[in-house]
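S.K.: Structure in structure tokens, see below.
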Amino acid sequence: MNGRDRRWAELARELEFSELPELRQRAEGWRAGLTGLSTLLAVLVVLKGRDDLAGLPTAARNTAMGLIAGAFVLLVIGSVLATRAAHGSPRDSDKQMLITGHALRQWTEKEVKGVSRTLRRAALCCLLGVLLAGGGVGVAWSTTEKAKDHLVRVGTPTGELCGELVRAGRGGYVVKVEEGGEGDAPRQVTLPARDVDSVAPVASCDAPG
Amino acid sequence: MTGARTVSHDFEIVYAEQDVDAATVSFTGRASADGLGVVVTGDCPRCHGSTASEYRYGLPGTGTKGLWSKLTGTARTEPDPGSVTETLRQETYFCECGHPHPQLPGNAVFVGCGASWQVRSLIVEGAP
Ligand SMILES: [Zn+2]
Ligand SMILES: [Zn+2]
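Line order of the protein sequences matches chains A and B.
When we follow the numbering used here, the leftmost residue of the first sequence carries the number 13, and every step to the right adds one.
When we follow the numbering used here, the leftmost residue of the second sequence carries the number 709, and every step to the right adds one.
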């Protein structure tokens, strides 16, 4: 035990000479952690800014946004925990103690336990966060309606009709028309050929032409 | 009893890292000159040289000054004298008589005869 006690006492004695580098390292650690958080935030803002989510049905959009928001919260918590584990909590810096070899040894043993616990929690948060983010992206991806091709504006004596051209032939034109409500299923309209005055391809049915 | 030396410092005793009994020696802890630590003084039970071990207040994770306290200007909480006495009683002490005894290793942190001991009698000034 003598040799080990001696080593701890030596460490305690040398601690005061490592003051400045330790301080800088800790500050550096927090800086890096916060930079990581900012990056995360930026990514979220970019994701939110995209119109992708707007094209989803309401329920799917809410689910996807909920999952991504949950993922973000978990990742933020995970980052803070990981930074704490790596560099200590800034709050601890108020707790002064008399640094003897014995005290340093006890502190270190306690710290090792605390750091392992914090790291486990950080890892769990990051894992769950990634799963949630993946789930959110998955929901968004699987429910995003593919961009409609073959959109046509059909002129008839009674008015105009805009929608996806399903087929055209002797039987007339079959056009799939989106109704106003987001959740509503598209309606297929069959127009006899004699009722069709004009057919023009369009990029979108949104703007009335 | 108050530090009156009965045996003179044995400069010839060879450096050896060994535990010795300090039952007959009384040690005193007092604030260091700059007030940032405690110095424990007494006579080494092995070489009988006068030894002084200094311990500083600090934060093991950060060195001896708190980053947070520096940033926020909050006062550092100094440990109470009772816990300081308790900490000092639990410590293992090493001879720091300052005399390089024969065969002292070149990288030795504690310059002395190499002896280590637990204090039996310790008075910390300013503590209850
Ligand atoms: Zn000695
Ligand atoms: Zn000596």
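Don't be surprised by glycine CBs; every beta carbon is placed ideally from N, CA and C.
List, in order along the chain, the chain A residues whose C-beta lies closer than 7 Å to that of Arg764(B)?
M.R.: Chain A residues near Arg764(B): Glu28 and Ile111.
S.K.: Nearest-angstrom Cα distance between Val124(A) and Ala730(B)?
M.R.: Approximately 33 Å between the Cα atoms of the pair.
S.K.: Output needed in chain order: residues of the stretch 146-172 of chain A with a Cβ under 9 Å from some Cβ in chain B.
M.R.: Listed by position, the residues of the stretch 146-172 of chain A near chain B (Cβ gap below 9 Å) amount to none.
S.K.: Go through its chain and collect everything with a Cβ distance to Val164(A)'s Cβ below 6 Å, but skip five positions before and after it.
M.R.: Same-chain partners within the cutoff: Leu177, Val211 and Pro213.
S.K.: Does the CB of Phe735(B) have a neighbour CB from chain A at under 9 Å?
M.R.: So no, Phe735(B) is outside the interface.
S.K.: Which one or two residues does DSSP pair with Lys188(A) in a beta bridge?
M.R.: Answer by DSSP bridge pairing, in chain order: Glu176(A) and Gln200(A).
S.K.: Just verifying my parser: in three-state terms, what is the DSSP assignment at Glu762(B)?
M.R.: Strand, per DSSP.
S.K.: With distances taken Cα to Cα, identify the nearest neighbour of Glu833(B) among Leu767(B), Val792(B), Val817(B) and Arg764(B).
M.R.: Glu833(B) has its Cα closest to that of Val792(B), out of Leu767(B), Val792(B), Val817(B) and Arg764(B).
S.K.: Assess contact between the stretch 198-212 of chain A and the stretch 141-157 of chain A, defined as three or more Cβ pairs (one per stretch) separated by less than 8 Å. Is contact present?
M.R.: They do not touch, by the three-pair rule.
S.K.: Ala94(A) versus chain B: which residues are under 8 Å apart at the beta carbon?
M.R.: Correct list: empty, because the minimum Cβ distance to chain B is about 16 Å.
S.K.: Heavy atom of ligand 1 less than 8 Å from the Cβ of Thr800(B), yes or no?
M.R.: Every heavy atom of ligand 1 is 8 Å or more from the Cβ of Thr800(B), so no.
S.K.: Is Arg754(B) a contact residue of ligand 1, with contact defined as CB to any heavy atom under 8 Å?
M.R.: It does: the Cβ of Arg754(B) is within 8 Å (strictly closer) of some heavy atom of ligand 1.
S.K.: In whole angstroms, give me the CA-to-CA distance for Asp718(B) and Asp788(B).
M.R.: Looking at the two C-alpha atoms, the distance is approximately 37 Å.
S.K.: Between Ser716(B) and Glu804(B), what straight-line distance do the alpha-carbon atoms span, to the nearest angstrom?
M.R.: When rounded, the distance between both Cα atoms is 16 Å.
S.K.: Between Val821(B) and ligand 1, is there a pair consisting of the residue's CB and a ligand heavy atom that are separated by less than 8 Å?
M.R.: One point to set straight first is that residue 821(B) is Cys, not Val, in the sequence displayed. The answer is yes for Cys821(B).
S.K.: By Cβ distance below 8 Å, which residues in the same chain neighbour Leu56(A) in space, the five residues on each side in sequence not counted?
M.R.: Answer for Leu56(A): Ile80 and Phe84, listed in chain order.
S.K.: For a quick check, are the C-beta atoms of Gln108(A) and Gly822(B) less than 9 Å apart?
M.R.: It is not a contact, given that the beta carbons lie outside the stated cut-off.
S.K.: Taking Cβ-Cβ distances shorter than 9 Å, what residues in chain A pair up with Gln798(B)?
M.R.: Chain A residues near Gln798(B): Thr112, His114, Ala115 and Gln118.
S.K.: With distance defined between alpha-carbon atoms, name the residue in Glu762(B), Pro753(B) and Gln726(B) nearest to Ser740(B).
M.R.: Answer by Cα proximity: Glu762(B).
S.K.: Assign Ser824(B) to one of three DSSP states: helix, strand, or coil.
M.R.: Strand, per DSSP.
S.K.: Is His809(B) near ligand 1, with its Cβ less than 8 Å from a heavy atom?
M.R.: Checking every heavy atom of ligand 1 against the Cβ of His809(B), one is found closer than 8 Å.
S.K.: Could you check what DSSP says for Asp788(B) in three-state terms: helix, strand or coil?
M.R.: Residue state, collapsed to three classes: coil.
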